[in-house]
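In the numbering used here, the protein residues as written are 488 to 1167.
Encoded structure:
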């Protein structure tokens, strides 16, 4: 019995050593790193007489390290093999087992951890002859940091005449070959529909028929251009059909009608299919809508602090002061309440009018945005004329006579206050306050109901200070008693309005050129001078009216301005959205600033942050490309770029880099720490 046991043990050892030799013949040496190891393996050490040979690219990764799938997601790149130098090989097709998702700091990547074999089907040039493989492997391993690797792998497989047979790694390769997604029939899965749902939170709805309920489904989508997909969730289940809702961002608007490759993974089950997405209704999320309404309310309130609205606030301050006929008595509390309620009503009605116009324009397919009316020269001239008239009135140049009935309506009714509120809204539109861009992006990417709701919340937010005074009229009684200071205040406020007029003319110069803007300025000045010098009401009214009306004809006589998108100064260069992707792939960091002459918030960001130290020095460093886009005049390319981020107003700033290839949007009001932190 002792001899028999020794004989059996010796036989097992010899058999194992023979199998080890066969396996050694069917695998290349390991390429070993601190992050794991990789090698080539073959199903058999003997290629036989078949026209194809089954191979595998085997990875064994250290804990917490991963490699990437063929579509890596927001970052990374997949393993690649260069077979140059191989003999008897015509082609090698790499297959990809079902991957897993990794979510880190808002980035979604796709790949493998632990151990994986990527099956390879190699086609021989001369079946039956030896196969000599040489492969240059490039791959990326990532954990908290990413480490790229390059390795040269070699594997020789003998012909049958050389007598080197053996099972090789057929079972191991077959194990992972079974994990390569098929059409889903064997797993009881079928992709039956895809609908793109636009809105503030756009999504792609995938309908999946499943014999067994899905436990933890995940979806990976290819062929979508610059669209970015998040992790799916189950939106509905109905009689064996499950609707998976996949959040989508980036450039998603052209997904409808595009053929998409969808890989579905549900535990050990998987499938892959190509499907064309249709277009469905927008998605309305009640929780998100409530949050956006809160942001809109807060953004509207902050608009009162922006420099665009200060001239109108000054007009309202004058309205709260005693009129010349009331020098000996204060206004009644009721009159103050009615006045401020009228202004609040004018603001809210103006925002509702903007909402209606925006929804109508969007329905026709026109570009919509916050403050884009300042791209129209006629609108700028209209505001400039109104401001000149207001300034002349404050300086005592003229008093606007009205019919007795109309004067009584303005004096005792809300008409004048409503007009003040409407004027405040018009001047507020070139300003973008904190929280305003997020709320407007939500509204303008959604349907008419959301647009009206968000604009209404904006109007209520901006009207809150006036509503407060209306609720507590005694606040207005805190103003000092009438006196000579009132005349000086009127002159000062007239200067503020004149300064706003100069700002509007500067914007007009950027849109029409300096000469047409100078012509408008001269016409406005002549009109104001006529009102101040001539004493005959009819004559001065006629001459001033002719001069002010003539200003509106200047844009028709002005030649079209240059179509240049940006003036390149300092570290800034021309805005080229098509070049951003290539620059990022080459390892550059790209900083984008979308600005306009009419955007006061943009100018504040430029003066205090972007064009000042230390940000200016940071932007001039090697490897950083700074692009500035000028949206003073309409530009479809800039509008389309903003639309990719669901933004419809400016300022807008984004930073791209290897860790954020899709772009990292910055807040509306910039700080140096926000910019340098995003660069880091």
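Yeah, the Cβ is synthetic: ideal placement off N, Cα and C, and Gly gets one too.
Going by beta carbon distance, what residues of the same chain come within less than 6 Å of residue i, once the five residues before and after it are set aside?
{"i": "residue 1001", "result": "none"}
{"i": "residue 783", "result": "926, 941, 944 and 945"}
{"i": "residue 1075", "result": "1110 and 1112"}
{"i": "residue 811", "result": "Unreliable positioning characterises residue 811 in this predicted model, as indicated by a pLDDT of 47, which lies under 50. The coordinate reading is nonetheless provided below. Excluding positions up to five away in sequence, the list is empty."}
{"i": "residue 948", "result": "784, 787 and 788"}
{"i": "residue 837", "result": "909 and 912"}
{"i": "residue 751", "result": "706 and 758"}
{"i": "residue 668", "result": "585, 750, 757, 758 and 759"}
{"i": "residue 689", "result": "735 and 739"}
{"i": "residue 497", "result": "Here the model assigns residue 497 a pLDDT of 43, short of 50, so the residue's position is not dependable, and the following value carries that caveat. Around residue 497: no qualifying Cβ."}
{"i": "residue 682", "result": "692, 765 and 767"}
{"i": "residue 581", "result": "605 and 607"}
For a test of the three-state rule: what should DSSP assign to residue i, helix, strand or coil?
{"i": "residue 879", "result": "helix"}
{"i": "residue 1155", "result": "coil"}
{"i": "residue 978", "result": "helix"}
{"i": "residue 543", "result": "strand"}
{"i": "residue 558", "result": "strand"}
{"i": "residue 719", "result": "coil"}
{"i": "residue 667", "result": "coil"}
{"i": "residue 522", "result": "coil"}
{"i": "residue 699", "result": "coil"}
{"i": "residue 1128", "result": "helix"}
{"i": "residue 1092", "result": "helix"}
{"i": "residue 1082", "result": "strand"}
{"i": "residue 767", "result": "coil"}
{"i": "residue 499", "result": "Only weak support is given to the placement of residue 499: the predicted model assigns it a pLDDT of 41, under 50, and the question is left unresolved by the model."}
{"i": "residue 681", "result": "strand"}
{"i": "residue 622", "result": "strand"}
{"i": "residue 553", "result": "strand"}
{"i": "residue 789", "result": "helix"}
{"i": "residue 1059", "result": "strand"}
{"i": "residue 825", "result": "helix"}
Please classify residue i as buried or exposed, where buried requires at least 16 other C-beta atoms within 10 Å of its C-beta.
{"i": "residue 710", "result": "exposed"}
{"i": "residue 1023", "result": "exposed"}
{"i": "residue 1140", "result": "buried"}
{"i": "residue 637", "result": "exposed"}
{"i": "residue 755", "result": "exposed"}
{"i": "residue 1058", "result": "buried"}
{"i": "residue 1026", "result": "exposed"}
{"i": "residue 1020", "result": "exposed"}
{"i": "residue 975", "result": "exposed"}
{"i": "residue 569", "result": "exposed"}
{"i": "residue 606", "result": "buried"}
{"i": "residue 1051", "result": "With a pLDDT of only 48 at residue 1051, under 50, the local geometry of the prediction cannot be trusted, and no value is derived from it."}
{"i": "residue 521", "result": "exposed"}
{"i": "residue 1011", "result": "buried"}
{"i": "residue 567", "result": "exposed"}
{"i": "residue 590", "result": "exposed"}
{"i": "residue 1017", "result": "buried"}
{"i": "residue 1033", "result": "exposed"}
{"i": "residue 600", "result": "buried"}
Suppose the cutoff is 7 Å on Cβ atoms and the five residues either side in sequence are ignored; what does the same chain contact list for residue i look like?
{"i": "residue 1093", "result": "1082"}
{"i": "residue 515", "result": "526, 527, 640, 641 and 642"}
{"i": "residue 670", "result": "758 and 760"}
{"i": "residue 564", "result": "555 and 627"}
{"i": "residue 1067", "result": "1077 and 1143"}
My assumption, with CB atoms under 8 Å, is that residue i sits in contact with residue j. Please give the rounded CB distance.
{"i": "residue 655", "j": "residue 530", "result": "5 Å"}
{"i": "residue 663", "j": "residue 554", "result": "About 14 Å separates the two Cβ atoms, so there is no contact after all."}
{"i": "residue 1079", "j": "residue 1116", "result": "7 Å"}
{"i": "residue 988", "j": "residue 871", "result": "5 Å"}
{"i": "residue 995", "j": "residue 876", "result": "Their Cβ separation, rounded to whole angstroms, is 17 Å, which puts residue 995 and residue 876 out of contact at 8 Å."}
{"i": "residue 960", "j": "residue 823", "result": "4 Å"}
{"i": "residue 609", "j": "residue 659", "result": "Incorrect: roughly 16 Å between the Cβ atoms, too far for contact."}
For residue i, I'd like the list of residues in its chain whose CB is within less than 8 Å of its CB, leaving aside the five on either flank, ordered along the chain.
{"i": "residue 612", "result": "575, 576 and 577"}
{"i": "residue 1105", "result": "1111, 1162, 1163 and 1166"}
{"i": "residue 720", "result": "731 and 732"}
{"i": "residue 1120", "result": "862, 997, 998 and 1048"}
{"i": "residue 745", "result": "710, 711, 712, 763 and 764"}
Measuring only from the beta carbon, is residue i closer than 7 Å to any heavy atom that is part of the ligand NAD?
{"i": "residue 1063", "result": "Of the ligands one can find in the structure shown there are none, so the ligand NAD has no counterpart to examine."}
With a cut-off of 8 Å, does the C-beta of residue i fall near any C-beta of chain C?
{"i": "residue 604", "result": "No chain C appears in the structure shown, which is made up of a single protein chain."}
- How do the stretch 773 to 788 and the stretch 725 to 734 stand: do at least 3 beta-carbon pairs fall below 8 Å, yes or no? Cβ pair count under 8 Å is below three, so no.
- Query: Are three or more beta carbon pairs between the stretch 1121 to 1131 and the stretch 1028 to 1048 nearer than 8 Å?
  - Reply: No: fewer than three Cβ pairs fall under 8 Å.
- Would the stretch 527 to 546 and the stretch 618 to 629 be scored as touching if the rule is three or more Cβ pairs under 8 Å? Contact check between the stretch 527 to 546 and the stretch 618 to 629: three or more CB pairs, one atom from each, fall below 8 Å, which counts as touching.
- Report yes or no: do three or more beta-carbon pairs, one from the stretch 590 to 603 and one from the stretch 556 to 566, lie closer than 8 Å? The answer is yes - the stretch 556 to 566 touches the stretch 590 to 603, with three or more Cβ pairs under 8 Å.
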